[in-house]
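Step one of this worksheet: look at the structure below.
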Amino acid sequence: MVKKKQSQETASPLVVDDDEIGDTSEEDETYQDLSNKLAEIRKNKDVIGYIMRSATSATIDLKEPEKIVEYAIFSSQALDSSQEISDQFELGDVKSVLIEGKESKALCMNIEGNKISIFMEKNADDADILKQISP
Amino acid sequence: MSNEVYAFALKSTLNEIQNACPDVTSNFIFKDGEILAKDRNTEEENATQTLEAFDAITERADPLGEIENISIQSAEGKVNIAAMNDFYLTTVSSNEADEKYVNTLTRVLIPIVIKLSEKFQSASIENEPITTVQPEPEEDDAEKVTDEFIDDETPDEDEANENEQSYEEEPEEETAATEPYNEPVQESEIDDEPLIPDPPVTQLIVENLGGLLVPSDTIRVDQEIINQWNELYGDNKINEVEVEALNGKTTRCKFKHIKKSKDTGKGIIKMPEKMQLTLEIAAGELVTVKPIIE
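Sequence lines, in order, name chains A and C. Quick note: the first sequence, position 94, residue 94 per my numbering, numbers continuous. With positions in the second sequence counted from 1, the corresponding number in my numbering is that position plus 135.
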């Protein structure tokens, strides 16, 4: 079975399909639920875009499509390195990571195997966005 | 600027933060890929690995710009890495920690300590005489600040100690003192080598020192602080300290360790009232203390 995911109401939606077989409808449901929440969050003018990856699919919606690779690499590195840091201090699984740069900030999290990074302006209310996306 | 000064001041501050917030399980500071100071509970390896992971994030953080803060919320605690001037403070705390309290404490204290260290360091450089090579190195008469000196109660012996010092001598380059006579050292070589570490500056709270036999020119500080000076300066003799009040007034005086165990480890300096008048300060105010290296 071929999965196909598509983000809604996006300026530059990018859909990555994977032909992995054997996914469960529960995973699909979670992914779809998160996609809907992200689409809603994306409407916020302070949100630059987001990336969501599951084991089989990915959805990317960013204001600057030419920087997709940079954002994707950063997103992956942020979650991996944060988990390394958490492991060093025996703090268990990472729930969320907020990375604030001089120009913008990113909220990264892993929700039931779905790795999400939401990029936003410095003045965006990250606490509120985390609340919206959290299960 | 010498990292030793930062390290000394920051390490004390990190330990104090942990004393004030027991929910902070680990904290350390790094700058330019080097760990400058860590509290007593932080393992070197953990700090190094964290630093590497942080570097991996910053290397790929172009979309966000220069990293100012990273907050990691994990199942059993949180990690915060915050930029402060050119330094990065890492704070690991349990989920029970009052984040606002910890942030307020760390984000106020650490920049102040960094600023103070910079201030005193630059003042110290301005006042420091130019180090020259002694033509005839003295016999190795350098000795640590020993308990004998610290516990010395008689003014006569203090004077004797002072008389042994040649106040006209300039601070001696450590390597020059240990060179044998028959191996003349070229000046250019000496100039390239590191000088004696800059004196660490310790911030302490003033408490009154009273009593009939209390000398008016002697303050008392924690033995731990004296030990740190000894570790830092090894063979160099420390007979006096410079005390500076926040109003800028300074004085040189002798020092001894705090005798009463209940007063140790509190970050206080016991000072005779006469000296407080000289510095125009009162008990409860902050002063900074640094050793004077002979």
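Where is the CB? At the ideal position from N, CA and C, for every residue including glycine.
query	result
Got a sec? Which residues, its chain only, sit under 7 Å from asparagine 150/C by beta carbon, not counting five neighbours each side?	Asp174, Arg175
Looking only at DSSP bridge pairs, what is glutamine 208/C linked to?	Ser96/A, Lys213/C
Return the CA-CA distance between glycine 212/C and methionine 406/C, expressed in angstroms with no decimal places.	42 Å
For the beta strand (DSSP E) containing lysine 397/C, list its first residue and its last residue.	Unbroken run through lysine 397/C: none, as it is neither H nor E.
Within 8 Å of any Cβ in chain E, is that where the Cβ of asparagine 204/C sits?	The chain labelled as chain E is not found among the protein chains of the depicted structure, namely A and C.
With respect to the beta strand (DSSP E) encompassing valine 349/C, which residues constitute its N-terminal and C-terminal limits?	That residue, valine 349/C, is in no beta strand (DSSP E); it is neither H nor E in DSSP.
Confirm, please, whether the CB-CB distance from tyrosine 50/A to isoleucine 118/A is below 8 Å.	yes
So what does DSSP say about leucine 421/C, is it helix, strand or coil?	strand
With a floor of 3 residues, list each beta strand (DSSP E) that falls wholly inside the segment 39 to 80 of chain A, ordered by position along the chain.	47 to 53, 58 to 62
When you compare only the Cα positions, how much space is there between isoleucine 325/C and proline 332/C?	Bear in mind that the predicted position of isoleucine 325/C carries a pLDDT of just 44, short of 50, making it unreliable; the figure below should be weighed with that in mind. Each residue's Cα considered, the two are about 15 Å apart.
Would the beta-carbon of glutamine 88/A fall within 8 Å of that of glutamine 184/C?	yes
Whole angstroms are fine: how far does the CA of lysine 389/C sit from the CA of asparagine 371/C?	16 Å
DSSP on valine 243/C, reduced to helix/strand/coil?	helix
What does DSSP give as the partner residue(s) for threonine 225/C in the beta ladder?	Phe163/C, Ile216/C
Measure from the C-beta of asparagine 121/A to each C-beta in chain C and report whether the shortest distance is under 8 Å.	Looking at the sequence provided, one finds glutamate at residue 121/A rather than asparagine. No - not a single Cβ of chain C is within 8 Å of the one on glutamate 121/A.
Please list the segments of the beta strand (DSSP E) lying wholly inside the segment 142 to 190 of chain C, counting only runs of 3 or more residues, in order along the chain.	159 to 166, 169 to 173
State the beta-bridge partners of asparagine 114/A as determined by DSSP.	Ile111/A
If we ignore side chains and look at the alpha-carbon of each, how far apart do phenylalanine 222/C and threonine 241/C end up?	13 Å
For leucine 38/A and valine 248/C, I'd like the C-alpha separation in whole angstroms.	43 Å
Quick check: is the beta carbon of phenylalanine 284/C nearer than 8 Å to any beta carbon in chain A?	For phenylalanine 284/C, the predicted model reports a pLDDT of 40, less than 50, meaning its position is unreliable; a value from the coordinates is still stated below. It does not; no Cβ of chain A falls within 8 Å.
Which of the three DSSP states is assigned to lysine 122/A in this structure?	coil
Between glutamine 338/C and histidine 392/C, is the Cβ-Cβ spacing less than 8 Å?	no
Taking the beta carbon of serine 82/A as the centre, do at least 16 other beta carbons fall within 10 Å, making it buried, or is it exposed?	buried
Are there any heavy atoms of the ligand ADP lying less than 7 Å away from the beta-carbon of leucine 98/A, as far as the coordinates show?	The ligand ADP is not among the ligands present in this structure, which contains no ligands whatsoever.
Keeping to the same chain, check which residues put their C-beta closer than 6 Å to that of threonine 30/A; ignore five residues upstream and five downstream.	Glu112
Are glycine 92/A and leucine 199/C touching if we call contact CB-CB under 8 Å?	no
Straight-line CA distance for serine 206/C to valine 214/C?	6 Å
Applying the 10 Å Cβ sphere with the 16-neighbour rule, what's the burial state of arginine 387/C?	exposed
Could you pull the DSSP bridge partners for glycine 101/A from this structure?	Ile202/C
With a 10 Å radius around its C-beta and 16 neighbouring C-beta atoms as the bar for buried, classify isoleucine 265/C as buried or exposed.	Below a pLDDT of 50, predicted positions are generally treated as unreliable, and isoleucine 265/C, at 47, falls in that range; the measurement from the model is reported next regardless. Flag for isoleucine 265/C reads exposed.
With a CB to CB cut of under 6 Å and the five nearest residues on each side skipped, what residues in its chain are close to leucine 244/C?	Thr148
Quick one: which chain A residues come within Cβ less than 8 Å of isoleucine 152/C?	Here the premise fails: no neighbours, minimum Cβ distance about 16 Å.
Just curious, the alpha helix (DSSP H) that lysine 372/C is in, first and last residue?	Here lysine 372/C belongs to no alpha helix (DSSP H), and DSSP marks it neither H nor E.
From this set, Arg355/C, Lys254/C, Val349/C, which residue's C-alpha is nearest glycine 402/C's C-alpha?	Arg355/C
Looking only at its chain, what residues have a beta carbon closer than 8 Å to the beta carbon of methionine 120/A, apart from the 5 residues adjacent to it on each side?	Asn44, Asp46, Val47, Ile48, Ser104, Lys105, Ala106, Leu107, Asp126, Ile129
Look up arginine 387/C in the DSSP assignment and give the residues it is bridged to.	Glu377/C
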